[in-house]
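**Q** Sharing a structure, written as structure tokens. Questions coming.
In this note's numbering, the protein residues as written are -3 to 314.
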């Protein structure tokens, strides 16, 4: 039983969709400056017709007009509101111009929340969300956050909606809901979180692939006999240069893992940073291809991204 928008309601097993529903409804009740905006995509975030009606003017559906939703949110923010735009990752490509021109040039503090950004969510070629990370993480001023657990996701939402300094894009996790203590303030931009300190190999596992990074770190310790460093980057758009420099002291291999295409993505930025050093960098992600109706598990194996395959790579590289 949960208290949602003042009502006690039965919710299904906790998912990131149900967490998002609760957040939107409770935030709209607690903060009259909050406005949720969607381009005809309320159902993917669990907002039933009754709940939408209960939000009154704090719920705005612009219809199938993603560009207008972003421009409208920019206007709401300029007027002192706290806009949160929610849609599917695959459709945000339509708004590249508005995000860049209307929002980021002016550093307008809107929050864009994307569902189905994971490689194993929607797999048909017209609904892929795997391109959003590389496409939008390279727009100046846009902060792209990749949460890894329940607390981090909700804390990022709280911080983003209330802050007034930057436009922020948050990728809703596609994994099963997990829990652990996380930071609540993300105003120190591009600061990675070292979740486990080790040696030789550093794993930078972004967003949805953090759990894969956890499993890899465990298997390195069991099968290779040493404890690697495990890092939660959190920020997909920038580099924590201090942390990356510090890794050079005890590590000779950095592994990056991301739930998106490699070209223009997170790992490529890390590899570029180390280009003129002795640090080896191995990036793991998807190819820049139009995949269609694939089996996610088989695709990981095809790309050499299973834990066993990565362990084999590590043995060759260290």
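Glycine included, each C-beta is placed from N, C-alpha and C at the ideal position. Small disclaimer: the values here were computed from a predicted structure and weren't measured.
1. Considering Cα atoms alone, identify which of 115, 65, 181, 312 is closest to residue 204.
2. Roughly how many angstroms lie between the CA atoms of residue 19 and residue 314, to the nearest whole one?
3. CB residue 178 to CB residue 148, shorter than 8 Å?
4. By the 10 Å Cβ neighbour count, where 16 or more other Cβ atoms means buried, how is residue 157 classified, buried or exposed?
5. According to DSSP, simplified to helix, strand and coil, what is residue 292?
6. May I ask you to report which of helix, strand or coil DSSP gives residue 63?
7. Going by other Cβ atoms of all chains shown within 10 Å of its Cβ, with 16 needed for buried, is residue 321 buried or exposed?
8. Could you check what DSSP says for residue 16 in three-state terms: helix, strand or coil?
9. Please say whether residue 226 and residue 199 have beta carbons closer to each other than 8 Å?
10. Beta carbon of residue 142, beta carbon of residue 202: below 8 Å?
11. From the DSSP output, which residues share a beta bridge with residue 102?
12. Would you list, in sequence order, the uninterrupted beta strand (DSSP E) runs of no fewer than 3 residues that lie entirely inside the stretch 105 to 168?
13. Can you tell which of 24, 58, 59 has its C-alpha closest to the C-alpha of residue 51?
14. Report all residues from its chain with a CB closer than 6 Å to the CB of residue 13; omit the five preceding and five following residues, and keep chain order.
15. Mapping the DSSP letters down to three states, classify residue 39 as helix, strand or coil.
16. Note down, in chain order, each residue of its chain lying with its Cβ closer than 7 Å to the Cβ of residue 122, except the 5 sequence neighbours on either side.
17. Using only the alpha-carbon positions, how far apart do residue 234 and residue 112 sit?
18. Mind checking who residue 79 pairs with in its DSSP beta bridge?
19. Whose CA, out of 119, 64, 71, lies closest to the CA of residue 289?
**A** In short:
1. Taking the first residue of the chain shown as 1, we reach residue 204 at position 208. In terms of Cα proximity to residue 204, the closest of 115, 65, 181, 312 is 115.
2. The residue you call residue 19 lines up with position 23 of the chain shown. The residue you call residue 314 lines up with position 318 of the chain shown. Cα-Cα distance, rounded: 45 Å.
3. One-based indexing of the chain shown puts residue 178 at position 182. One-based indexing of the chain shown puts residue 148 at position 152. Yes, the pair counts as a contact, with Cβ atoms nearer than the cut-off.
4. Stepping through the chain shown from its first residue, residue 157 is reached at position 161. Result: buried.
5. Along the chain shown, one-based indexing puts residue 292 at 296. Helix, per DSSP.
6. As a first step, residue 63 is located in the chain shown; it is residue number 67 there, counting from the start. Three-state DSSP puts residue 63 in a helix.
7. As shown, the chain starts at -3 and ends at 314. That puts residue 321 outside it, with no answer to give.
8. Position 20 of the chain shown holds residue 16. Three-state DSSP puts residue 16 in a helix.
9. Here residue 199 refers to the residue found at position 203 of the chain shown. Here residue 226 refers to the residue found at position 230 of the chain shown. Yes, the pair counts as a contact, with Cβ atoms nearer than the cut-off.
10. Taking the first residue of the chain shown as position 1, residue 142 is located at position 146. Taking the first residue of the chain shown as position 1, residue 202 is located at position 206. Taking 8 Å as the Cβ cut-off, residue 142 and residue 202 qualify as a contacting pair.
11. Indexing the chain shown from 1 puts residue 102 at position 106. Answer is none; residue 102 lacks a bridge partner.
12. 107 to 111, 139 to 141, 164 to 167
13. As a first step, residue 51 must be located in the chain shown, where it is residue number 55. If we check each option's Cα against that of residue 51, 24 comes out closest.
14. Counting from one through the chain shown, the residue named residue 13 turns up at place 17. For residue 13, where only same-chain residues beyond five positions count, the Cβ hits under 6 Å are 42.
15. Here residue 39 refers to the residue found at position 43 when the chain shown is read from its first residue. Three-state result, residue 39: helix.
16. By 1-based counting over the chain shown, the position of residue 122 is 126. Counting only Cβ-Cβ distances below 7 Å, and skipping sequence neighbours, we find nothing.
17. Counting from one through the chain shown, the residue named residue 234 turns up at place 238. Counting from one through the chain shown, the residue named residue 112 turns up at place 116. The straight-line gap from Cα to Cα measures roughly 22 Å.
18. Locating residue 79 in the chain shown gives position 83, where the first residue counts as 1. DSSP, once it has assigned bridges, lists 31 as partnering residue 79.
19. Your numbering for residue 289 matches position 293 in the chain shown. That would be 119, whose Cα lies nearest to the Cα of residue 289.
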